[in-house]
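Quick note on my numbering: the sequence shown kicks off at 81 and runs consecutively. Each residue gets a CB set at the ideal place from its N, CA and C atoms; glycine is no exception. Only one structure is covered here, and it is reproduced in the block below.
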Amino acid sequence: MNMGGENISELLLGTALVESRLTWRKQMGNGPARGLYQMEMATHDDIWNNYLSYRKPLADKVLQFKTSHKANSEEELINNDLYATAMARIHYARVKEAIPATGDIVGMANYWKKYYNTILGKGFPDKYVEVWNQTVGELVCDVK
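Take a look at the structure:
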């Protein structure tokens, strides 16, 4: 989609790691979240109805990631990682605050919590950092 650089790639990887451990496709306990990014269908639909529907060129790019234009969106989030990644990227594109710099894992963790997991979510920035360090390694940082 050509929407960003290394910092958004890092944020998307961190989001998928903390949300699903790159494993879970459906939220544990039969919750509504789906795919590697654990996006809820309400969020998915809001992105389409209130953002992409007003940006046809971008919407067309996102549609290119679906297995077909008529494919079930919930199934696409669960089974099509390219589509799920595109939708997570668009989710972050709606945020006006700049994405933290590459390597700022604490900043990424706080950004994820504020704009993706939100105050209503059960995630914590320190867990993001922990999962990042366990999976990606090499980084030692403290969440403030």
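In chain order, what residues of the same chain have a beta carbon less than 8 Å from the beta carbon of residue i, not counting five sequence neighbours either side?
{"i": "residue 119", "result": "113, 157, 164, 167, 168 and 171"}
{"i": "residue 91", "result": "172, 179, 180, 188, 191 and 192"}
{"i": "residue 105", "result": "114, 115, 116, 158 and 159"}
By Cβ distance below 7 Å, which residues in the same chain neighbour residue i in space, the five residues on each side in sequence not counted?
{"i": "residue 102", "result": "96 and 116"}
{"i": "residue 67", "result": "Beyond the ends of the chain as shown, which are 81 and 224, falls residue 67; an answer cannot be given."}
{"i": "residue 215", "result": "97"}
{"i": "residue 207", "result": "98"}
Among the options, which has the Cα closest to the Cα of residue i?
{"i": "residue 176", "options": "162, 189, 195 and 187", "result": "195"}
{"i": "residue 93", "options": "126, 131, 161 and 128", "result": "161"}
{"i": "residue 87", "options": "214, 213, 200 and 183", "result": "183"}
{"i": "residue 111", "options": "135, 201 and 140", "result": "201"}
Return the CA-CA distance between residue i and residue j, expressed in angstroms with no decimal places.
{"i": "residue 198", "j": "residue 144", "result": "29 Å"}
{"i": "residue 137", "j": "residue 81", "result": "10 Å"}
{"i": "residue 203", "j": "residue 98", "result": "8 Å"}
{"i": "residue 146", "j": "residue 128", "result": "14 Å"}
{"i": "residue 148", "j": "residue 142", "result": "11 Å"}
{"i": "residue 217", "j": "residue 126", "result": "35 Å"}
{"i": "residue 100", "j": "residue 89", "result": "16 Å"}
{"i": "residue 152", "j": "residue 213", "result": "35 Å"}
{"i": "residue 134", "j": "residue 140", "result": "11 Å"}
If residue i sits next to residue j, beta carbons under 8 Å apart, how far is it from one beta carbon to the other, in whole angstroms?
{"i": "residue 211", "j": "residue 186", "result": "Actually they do not touch by this definition, with Cβ atoms about 13 Å apart."}
{"i": "residue 108", "j": "residue 154", "result": "Their Cβ separation, rounded to whole angstroms, is 17 Å, which puts residue 108 and residue 154 out of contact at 8 Å."}
If I measure Cβ to Cβ from residue i and keep anything under 6 Å in the same chain, skipping five residues before and after, which residues do I get?
{"i": "residue 131", "result": "174"}
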